[in-house]
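Notes follow once the structure below has been shown.
Numbering (my numbering), first residue to last: 54 to 764.
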């Protein structure tokens, strides 16, 4: 019963859509056009009901795509001219509609198979609003023409009765729209249509007008009483097609496909919200694509899943797929089995349905969107609508796509490609160095510049990025030796960006600056290294910084090797250093030996007297990650030692090392026998930890300043 109820109201929509698409054509063409709409509704509804992720889905021809098809059909009719025979006009129009269904099917199915359906949501909202506002205008214009019986002004001049029909159509639409807004129940519109139909015929009978009289006065459509299925792929029909007129309107297929795609995804989103179910967007696209392909092969119209009819079917008790199939079959078979019912639907009711649908779209996407959009975004909606009014819906769709691309470029180009910029006094590698090396690197901080890049760098941002890099280079003329570009937060590059980095490489060579590229994804590295082959590549920013620091230290005059004893004497004082040294245990370790192991108890700390060692940590069962590197004169394991906590990382010798070990028992003896030395040692350890924390704070502050929004 639920499917039968939905199926009985479907022909009213189908008749309205057929009257809009085939307006101005002979009655025989309109009758065959109704069959085209019904064929599409049956095939689309049946396939969608069987394959949709929503078990009570109802699908049919939709007003949005119908509006674009009507614009395309009118253009084809104008191109063919009044001399075209009804058979040739029908063959050309039906073939164009079949091509449109096939185009919709290919687009939806390919997007669904590729599982990128949700990517359509990246289309800017103002462009989508403009699309739907444009289709709303087309429906209003088509509804007005349907009410008068043809083009608005000529029809009113030729038949003054058209003004009465138009007035009644507008009055009915004026009743429909507020009721639909105040009573947003799925059954509201079907009940309004049934009541209006009954009321019209009761009033007509009371005034003494029978069916022939109403038809003669233009209140009813002149549709053949016998409707039959016909394929557009018959040899005799193909021979009548006006291919030049059809080919000139092929760009309209893109518009039909885009509008249908947007409508499908918006309807699926609406059903998700209304039903509380998580629907599979890609599955809906695949189902809609197969349905449209099948409809196109049989000469039917494209369509999509419907929100109101699906919800109405569920509320009427139809919760299985058979109810949706029944609704589709009844919608298509009822006019064929009882064609007299179709001829009883008056023009003003069909026109009011189109006008109300169009007005709702205009109110929602032009008036309602004003509160949601900025002024510039709202002007985009109006621009798309203006193009639709002046040049038609097809042109509006292409204008919307163009505005969407332009909007994306403008908005994305405003995002800064440079996230932060640091000099060598802030940007440091994770290599723990003795005080002398730290002081030497700090003295040459201007020789190192690190730029943190971000986002997708393309023609809209590449030039600005190059200008910012030039400005940073010119800030310290002649002193910059290493320019590090970190690509860890870069999503991709286009050809313009690669050309910009090529120019940057030339600038660096002219200024005798070494270019270091770090953190690049393999795809970016493969493209960029072809243009900047002389640049040094590093897997991570830390590795790149370590290489730069080593090169800067190598440029310094040779000095004495780091002496741990001398360093401790400077930091603690000679007597305290001697007391501490007496507590230390020397140990020689080969390359690869583990100095400290993650998870073990912290029973001692180490002074690295000779060699280098790397610190790696394993997080949540993942692979080990190197987090720091130590050189001669540095302390290891002091944090866990102070906190008496398990080791937080593993330290492994990169080369043969000599370490001096201070156990907890030895520290207790130092505190008991030499309290002054113990106090000096604790202060030195606190100072080292504070300096390390200060380095991190400076780096974090620099990154935060770089990522702050400009005023």
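Where is the CB? At the ideal position from N, CA and C, for every residue including glycine.
What three-state label does DSSP hand residue 73 in the structure shown? As a first step, residue 73 is located in the chain shown; it is residue number 20 there, counting from the start. Helix, per DSSP.
Span of the alpha helix (DSSP H) holding residue 595? The residue given as residue 595 occupies position 542 in the chain shown. Bounds of the alpha helix (DSSP H) holding residue 595 are 594-607.
Could you pull the start and end residues of the beta strand (DSSP E) that residue 688 belongs to? The residue you call residue 688 lines up with position 635 of the chain shown. For residue 688, the uninterrupted beta strand (DSSP E) segment begins and ends at 687-689.
For a minimum of 4 consecutive residues, which ranges assigned as the alpha helix (DSSP H) are wholly contained in the segment 217-282? Within the segment 217-282, the runs of alpha helix (DSSP H) that reach at least 4 residues and sit entirely inside it are, in chain order, 241-259 and 264-269.
Rounding to the nearest angstrom, what Cα-Cα distance links residue 762 and residue 540 in this structure? What you label residue 762 is simply residue 709 of the chain shown in a count that begins at 1. What you label residue 540 is simply residue 487 of the chain shown in a count that begins at 1. Only weak support is given to the placement of residue 762: the predicted model assigns it a pLDDT of 42, under 50, and the question is left unresolved by the model.
Mapping the DSSP letters down to three states, classify residue 135 as helix, strand or coil. In the chain shown, the residue the question calls residue 135 occupies position 82. Coil at residue 135, not helix or strand.
What would DSSP say about residue 544, mapped onto helix, strand or coil? Locating residue 544 in the chain shown gives position 491, counting from the first residue. Strand.
Under the three-state reduction of DSSP, which class applies to residue 539: helix, strand or coil? Translated into positions along the chain shown, residue 539 becomes position 486. The answer is strand: DSSP assigns residue 539 an E or B state.
Assigned secondary structure, residue 796 (DSSP; H/G/I helix, E/B strand, else coil): The displayed coordinates of the chain run from 54 to 764. Any statement about residue 796 would go beyond what the structure contains.
Outcome for residue 413 when other beta-carbon atoms lying within 10 angstroms are tallied against a minimum of 16: Locating residue 413 in the chain shown gives position 360, where the first residue counts as 1. Result: buried.
For residue 388, name the three-state secondary structure that DSSP assigns. As a first step, residue 388 must be located in the chain shown, where it is residue number 335. Reduced to three states, the DSSP call for residue 388 is helix.
When the Cα atoms are used, what is the spatial distance from residue 76 to residue 199? Indexing the chain shown from 1 puts residue 76 at position 23. Indexing the chain shown from 1 puts residue 199 at position 146. One C-alpha to the other measures close to 7 Å.
Which residues mark the beginning and the end of the alpha helix (DSSP H) in which residue 339 is found? As a working note, residue 339 is residue 286 in the chain shown. Residues 334-350.
Reference residue 86; option with closest CA among 68, 390 and 406: Translated into positions along the chain shown, residue 86 becomes position 33. The residue from 68, 390 and 406 with its alpha-carbon nearest to that of residue 86 is 68.
How would you write the range of the beta strand (DSSP E) that residue 520 sits in, first residue to last? On the chain shown, residue 520 is found 467 positions in, with the first residue counted as 1. The continuous stretches of beta strand (DSSP E) do not include residue 520, which lies in the alpha helix (DSSP H) extending over residues 512-528.
Counting along the chain, where does the alpha helix (DSSP H) carrying residue 622 start and finish? Here residue 622 refers to the residue found at position 569 of the chain shown. Under the DSSP assignment, residue 622 falls in the alpha helix (DSSP H) whose first and last residues are 617-625.
Among 382, 129, 94 and 559, which residue has its Cα nearest to the Cα of residue 295? Counting from 1 along the chain shown, the entry for residue 295 is found at position 242. Distances from the alpha-carbon of residue 295 to those of 382, 129, 94 and 559 put 129 closest.
Are the beta-carbon atoms of residue 195 and residue 120 separated by less than 9 Å? Along the chain shown, read from residue 1 onward, the residue named residue 195 stands at position 142. Along the chain shown, read from residue 1 onward, the residue named residue 120 stands at position 67. In this structure, residue 120 lies closer than 9 Å to residue 195 by Cβ.
So, at 8 Å on beta carbons, what are the nonlocal neighbours of residue 461 in its own chain, with the 5 sequence-adjacent residues on each side left out? Position 408 of the chain shown, counting from 1, holds the residue named residue 461. Counting only residues of its own chain and dropping the five nearest sequence neighbours on each side, residue 461 has a CB closer than 8 Å to the CB of 177.
When the Cα of residue 179 is compared with those of 418, 304, 463 and 649, which residue comes out closest? In the chain shown, counting from the first residue as 1, residue 179 sits at position 126. It is 418 whose Cα lies nearest to the Cα of residue 179.
Residue 86 at chain C interface by Cβ criterion, 9 Å: The chain labelled as chain C is not found in the depicted structure, where only one protein chain is given.
Exposure of residue 210, with buried meaning 16 or more beta-carbon neighbours within 10 Å: The residue you call residue 210 lines up with position 157 of the chain shown. Model confidence at residue 210 stands at a pLDDT of 48, short of 50, so the residue's coordinates are unreliable and nothing is read from them.
How is the beta strand (DSSP E) around residue 672 delimited, first residue to last? Along the chain shown, read from residue 1 onward, the residue named residue 672 stands at position 619. For residue 672, there is no enclosing beta strand (DSSP E), as DSSP marks it with neither H nor E.
Which stretch, first to last residue, makes up the beta strand (DSSP E) that contains residue 765? Since the first residue shown for the chain is 54 and the last is 764, residue 765 is missing from the structure and cannot be characterised.
Applying the 10 Å Cβ sphere with the 16-neighbour rule, what's the burial state of residue 463? Locating residue 463 in the chain shown gives position 410, counting from the first residue. So residue 463 counts as exposed.
I'd like to confirm the pairing. Which residues does DSSP put opposite residue 507 in its beta bridges? Residue 507 sits at position 454 when you count from the first residue of the chain shown. Answer is 542.
Closest by CA to residue 604, which one among 497, 328, 244 and 324? For this step, residue 604 is matched to residue 551 along the chain shown. Its Cα nearest to that of residue 604, the residue 497 stands out among 497, 328, 244 and 324.
Best match in 333, 408 and 648 for proximity to residue 201 [C-alpha to C-alpha]: Numbered from its first residue, the chain shown carries residue 201 at position 148. The shortest Cα separation from residue 201 among 333, 408 and 648 belongs to 408.
In chain order, what residues of the same chain lie with their CB nearer than 6 Å to the CB of residue 372, ignoring the 5 residues before and after it? The residue given as residue 372 occupies position 319 in the chain shown. Contacts found: 109.
Do you know how far the Cα of residue 582 is from the Cα of residue 729? The sequence position of residue 729 within the chain shown is 676, counting from 1. The sequence position of residue 582 within the chain shown is 529, counting from 1. Rounded to whole angstroms, the gap between the alpha carbons of residue 729 and residue 582 is 58 Å.
Rounded separation between residue 487 and residue 712 - CA only: Counting from one through the chain shown, the residue named residue 487 turns up at place 434. Counting from one through the chain shown, the residue named residue 712 turns up at place 659. Between residue 487 and residue 712, the C-alpha separation is close to 15 Å.
Neighbour-count burial assignment, residue 628, 16 or more Cβ in a 10 Å radius: Residue mapping note: residue 628 aligns to position 575 of the chain shown, counting from 1. Its Cβ having fewer than 16 others within 10 Å, residue 628 is exposed.
Since residue 356 and residue 113 should fall inside the 8 Å C-beta cutoff, what is the C-beta to C-beta distance between them, to a whole number of angstroms? Here the question's residue 356 lines up with position 303 in the chain shown. Here the question's residue 113 lines up with position 60 in the chain shown. 5 Å between Cβ atoms; contact.
In the DSSP output, which residue or residues are listed as bridge partners for residue 678? Position 625 of the chain shown, counted from the start, is the residue given in the question as residue 678. Paired residue(s): 670.
In chain order, each alpha helix (DSSP H) run of at least 4 residues that lies wholly inside the segment 67-133: The qualifying runs are 80-104 and 116-133.
Which first and last residues belong to the beta strand (DSSP E) in which residue 569 is found? As a first step, residue 569 must be located in the chain shown, where it is residue number 516. Membership of residue 569 in the beta strand (DSSP E) is indicated by the continuous run 567-571.
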